[in-house]
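In the numbering used here, each number is its position in the first sequence, counted from 1, plus 1. Backbone N, C-alpha and C define an ideal beta-carbon position, used for all residues, glycine too.
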Amino acid sequence: MPELPEVEVTKKGISKFCLGQKINTVMTSGVRLRYPIPDLPKLLLGKKIKVVSRRGKYIIIGISEGFLLIHLGMSGIISINKKEQKMQKHEHVRFYLQNGNILSYFDQRRFGLVLWEKQKISEHRLLKNLGIEPLTDRFDTDYLYNLLRTRKGAIKNVIMNSNLIVGIGNIYASESLFKANIKPTRLACSVSKKKCAKLCTDIKSILQEAIIKGGTTIRDFKNCQGIIGNFKYNLKVYGREGAECFHCSRKIKNIKISGRSSFYCSNCQR
DNA sequence: CTAAATACCTGATGGC
DNA sequence: TGCCATCAGGTATTTA
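Below, the structure written as structure tokens:
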């Protein structure tokens, strides 16, 4: 489900409710996510939330003496509410905060994770090999060109590889490549420097706009206050198989690239 | 080293 | 109604 924009929206949303808050109670489902959930009640009771940040699609919550590392997988949602109720289906972690807010982590498919890390967070095995943040200034034409020039795989796979660039998933890969007029199957090494310049700015503008729109909700995604994202109205190719290209009116195609649906216009993208 | 396939889950959907 | 196959926003691990 969530790519960089959805994770950023989630992170921003929960920050204002949790920053500086002490954790009064912790509950867990006892069900295993991608990895087993650690003994959070023992670890976090009475501790204070100091910082909330994001690295790629990971949310990092800094709490006295350690970090909570959270990933939403395909179906994860973090919600904030105030009223007490029974643990719900697919609710795996719940924090009762001092200010009365209850923060819950839901994940239907359980591809996500909630881990506790006491060491330096950037050294964590799941974070240390992550690629560049696409919304930083360091991610520019030269950086992208140098990344692509040596890769023989499909450009779509390369920009989705989180060890190279973080945060771009199946939706925003298709959308960025459409905007840059690059066919998703094109070999990365065959993309010219001029095209790299366009792709670089298009990736940034797509992600930025998606954040502003509150993310993309196809089916499940909601921000921490239960509000869906509206970037789906900006989608030009994703999910539009058989519909007319907004630019040239030809039919949008859907092919599999490494097993993932990939939408594009065979006329506008080369 | 790179690139593609596989496995991990639940649930929705469509064909027969 | 039921059953089966396929699909879904991710990614660590395995295989080639």
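Three-state secondary structure (DSSP) at residue i?
i: residue 82; result: strand
i: residue 228; result: coil
i: residue 264; result: strand
i: residue 134; result: coil
i: residue 54; result: strand
i: residue 14; result: helix
i: residue 219; result: coil
i: residue 208; result: helix
i: residue 164; result: coil
i: residue 118; result: strand
i: residue 38; result: coil
i: residue 183; result: coil
i: residue 129; result: coil
i: residue 49; result: strand
Could you round the C-beta distance between residue i and residue j to whole angstroms and report it? I think they count as a contact, below 8 Å.
i: residue 135; j: residue 155; result: No, residue 135 and residue 155 are not in contact; Cβ-Cβ is about 18 Å, not under 8 Å.
i: residue 122; j: residue 61; result: 6 Å
i: residue 3; j: residue 222; result: 6 Å
i: residue 246; j: residue 224; result: 30 Å between Cβ atoms; not a contact.
i: residue 91; j: residue 109; result: 5 Å
i: residue 15; j: residue 53; result: 6 Å
i: residue 167; j: residue 132; result: 5 Å
i: residue 243; j: residue 258; result: That belief does not hold up - the Cβ atoms of residue 243 and residue 258 are roughly 18 Å apart, past 8 Å.
i: residue 190; j: residue 153; result: 6 Å
Taking the alpha carbon of residue i as the point to measure from, which residue in the options has its own alpha carbon closest?
i: residue 50; options: 34, 77 and 17; result: 17
i: residue 213; options: 105, 144, 231 and 117; result: 231
i: residue 271; options: 244, 111, 97 and 192; result: 192
i: residue 20; options: 78, 40, 9 and 98; result: 98
i: residue 119; options: 44, 58 and 80; result: 44
i: residue 178; options: 72, 103 and 204; result: 204
i: residue 181; options: 265, 10 and 233; result: 265
i: residue 100; options: 23, 127, 183 and 56; result: 23
i: residue 238; options: 77, 34, 173 and 75; result: 173
i: residue 241; options: 229, 6, 248 and 255; result: 255
i: residue 188; options: 151, 86 and 107; result: 151
Among all the DSSP beta bridges, which residues are the ones paired with residue i?
i: residue 103; result: 82 and 97
i: residue 188; result: 155
i: residue 8; result: Partner(s): none; residue 8 has no beta bridge.
i: residue 245; result: 252
i: residue 77; result: 108
i: residue 124; result: In DSSP, residue 124 forms no bridge with anything.
For the alpha helix (DSSP H) that residue i lies in, which residues bound it at each end?
i: residue 239; result: Residue 239 -> no alpha helix (DSSP H), and no H or E assigned at all.
i: residue 161; result: 156 to 161
i: residue 142; result: 142 to 149
i: residue 180; result: 171 to 180
Residue i lies in the beta strand (DSSP E); which residues open and close that run?
i: residue 59; result: 59 to 64
i: residue 71; result: 67 to 72
i: residue 257; result: 254 to 258
i: residue 27; result: 24 to 29
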